[in-house]
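Residue numbers (the numbering used here), protein chains in the order written: chain A, 1 to 218; chain B, 1 to 218.
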């Protein structure tokens, strides 16, 4: 199906133009924004749940949740203290794109917020191809996924600005070679800032929260 | 981008026609075939590694491995005893389609085999939309992914013929409500045959192997 190729390129280029527009709006409102990506079940919503209570006394946070179905994630973000929580049901699409985020931004008075967290659809492939216009892309890896994921999903690991390694509390029960994992990460994304954490025990979350706060205040 | 919709429909319909052709070839050769799907790291390759040594003394098994990059999985399948192991590098595509499997089948003398295992790309969304022409679709869920996955990825859970629940050895360390998970599965796919297993400890694998053998002999 070679016809598919130029069409996909046109869509990506249209997406990039709208991502620029999203970025300008977010930037003009003085909001720091992240695009949170991961496999299903790596802990995107859990990380949001652990992050919000440590920020919302000082900062106003909006969460935009992309999901194929249900509003479970947006409900969890709201319960964790997000001042605004918007659900995007992608209707089967396997990623968020700039059009969807544009629609969500229309529902927010951006000036009211300090931090915008966009939770992408659980997928280690497609979200990497669609810029949204956020300031930083953050990937959550998860110990039970295995140590070979940078090698197998290079597009995702190559493009991100920060890497959270979640579920480190499970390291004693799983054969995960951190050296092998880190070598794969370094080959694709040298020097990327990395936060090993456990959303269950809270270990490692301080450094992640500090990074967010530094970026909010910048 | 409404232009996208009819194009996607045409691609899916072309895919279905070729899936029919794949199915006829596989069926004519007397091979039982499965399309193995899951999130990244749920255990597709591990299940293949545990399955092959228990079959290859009696049956001849071919494995077709779909991956975005690397041939790590095909190498592992070959090491585990697959009589043939073919790697499809999808070149960035997030799923296998009938065209890719068609190309792989051209490299196999199907009559030489009893079982064909197709390992799809790690993704809980897109593979559900692309029939390959195999006899059965098998989804591997994984305990650390969390108990909400049927609710959040209904398309995948709805369409499969069998469900393997892997990493049950991690149940003591993870808050996973099996009742909640199973209710979600039942709502989408009533009575689907389910195999709780641990590829680490071997627990539950007998029933899975028996199911495969029954289907091979049918």
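We put the CB at the ideal spot given by N, CA and C, even for glycine. Remember, predicted model here, so these are calculated numbers, not experimental data.
CB contact below 8 Å: residue i versus chain B
i	result
residue 74 of chain A	no
residue 67 of chain A	yes
residue 145 of chain A	yes
residue 124 of chain A	yes
residue 160 of chain A	no
residue 299 of chain A	One cannot answer for residue 299 of chain A here, as it falls past the ends of chain A, which runs 1 to 218.
residue 1 of chain A	Caution applies to residue 1 of chain A, whose pLDDT of 39 falls short of 50 and renders its modelled position unreliable; the value that the coordinates give is listed next. So yes, residue 1 of chain A belongs to the interface.
residue 167 of chain A	yes
residue 152 of chain A	yes
residue 39 of chain A	yes
residue 50 of chain A	no
residue 109 of chain A	no
residue 121 of chain A	yes
Cβ-based neighbour list, residue i, same chain, cut-off 8 Å, excluding 5 preceding and 5 following
i	result
residue 76 of chain B	45, 48, 49
residue 2 of chain B	Interpretation of residue 2 of chain B is limited by its pLDDT of 41, a score under 50 that renders its predicted location unreliable; no figure is taken from the coordinates.
Proximal residues to residue i (C-beta, below 6 Å), its chain only, five neighbours per side dropped
i	result
residue 86 of chain B	64, 104, 107
residue 160 of chain A	137, 139
residue 177 of chain B	147
residue 15 of chain A	97, 98, 130
residue 23 of chain A	133
residue 33 of chain A	26, 116, 134, 135
Backbone CA spacing between residue i and residue j [nearest angstrom]
i	j	result
residue 216 of chain B	residue 202 of chain A	48 Å
residue 122 of chain B	residue 218 of chain A	37 Å
residue 30 of chain B	residue 184 of chain B	35 Å
residue 43 of chain A	residue 142 of chain A	8 Å
residue 213 of chain B	residue 120 of chain B	21 Å
residue 79 of chain B	residue 28 of chain B	28 Å
residue 57 of chain B	residue 74 of chain B	20 Å
residue 188 of chain B	residue 181 of chain B	11 Å
residue 219 of chain A	residue 135 of chain A	Coverage of chain A is limited to positions 1 through 218, which leaves residue 219 of chain A absent and any answer about it impossible.
residue 82 of chain B	residue 206 of chain A	47 Å
residue 110 of chain A	residue 133 of chain A	14 Å
residue 194 of chain B	residue 163 of chain B	5 Å
residue 210 of chain B	residue 36 of chain B	17 Å
residue 199 of chain A	residue 112 of chain B	49 Å
residue 53 of chain A	residue 53 of chain B	50 Å
residue 4 of chain B	residue 191 of chain A	For residue 4 of chain B, the predicted structure reports a pLDDT of 47, less than 50, and the residue's modelled location is therefore unreliable. The matter cannot be settled from this model.
residue 72 of chain A	residue 171 of chain A	28 Å
residue 38 of chain A	residue 91 of chain B	20 Å
residue 13 of chain B	residue 93 of chain A	18 Å
residue 179 of chain A	residue 89 of chain B	26 Å
Cβ of residue i within 8 Å of any chain A Cβ
i	result
residue 210 of chain B	no
residue 70 of chain B	yes
residue 199 of chain B	no
residue 133 of chain B	no
residue 170 of chain B	yes
residue 173 of chain B	yes
residue 85 of chain B	no
residue 196 of chain B	no
residue 252 of chain B	The question about residue 252 of chain B has no answer here: the residues shown for chain B are numbered 1 through 218.
residue 92 of chain B	yes
residue 155 of chain B	yes
residue 213 of chain B	no
Contact set for residue i: own chain, Cβ-Cβ below 7 Å, skip 5 residues either direction
i	result
residue 196 of chain B	165, 168, 204
residue 128 of chain B	155, 156, 159
residue 174 of chain B	143, 144
residue 18 of chain A	98, 99, 102
residue 186 of chain B	none
residue 20 of chain B	133
Nearest to residue i (by Cα), restricted to the options the options
i	options	result
residue 97 of chain B	B/174, B/118, B/191	B/118
residue 238 of chain A	B/162, B/155, B/193	Missing from the structure shown is residue 238 of chain A; chain A here goes from 1 to 218 and no further.
residue 67 of chain A	B/210, B/152, B/52, B/162	B/152
residue 150 of chain A	B/52, B/170, B/40, B/191	B/40
residue 301 of chain B	B/19, B/93, B/190, B/51	Because chain B is modelled from 1 through 218, residue 301 of chain B falls outside the range shown and cannot be assessed.
residue 125 of chain B	A/130, A/95, A/131	A/95
residue 62 of chain A	A/89, A/26, A/20	A/26
residue 59 of chain A	A/84, A/172, A/38	A/84
CB contact check: residue i to chain E, cutoff 8 Å
i	result
residue 148 of chain A	Any reference to chain E falls outside this structure, whose protein chains are A and B.
message: In chain order, what are the residue ranges of uninterrupted alpha helix (DSSP H) at least 4 long that sit wholly in the stretch 62 to 128 of chain B?
response: 72 to 79, 98 to 105
message: I'd like the ranges of any beta strand (DSSP E) spanning at least 3 consecutive residues and lying wholly in the stretch 118 to 206 of chain B.
response: Within the stretch 118 to 206 of chain B, the complete beta strand (DSSP E) segments of 3 residues or longer fall at 136 to 142, 162 to 166, 193 to 196, listed in chain order.
- prompt: At what residue ranges does the stretch 3 to 59 of chain A contain a whole run of the alpha helix (DSSP H), taking only runs of 4 or more?
  reply: If we require 4 residues or more, the alpha helix (DSSP H) runs fully inside the stretch 3 to 59 of chain A come out as 4 to 28, 44 to 51.
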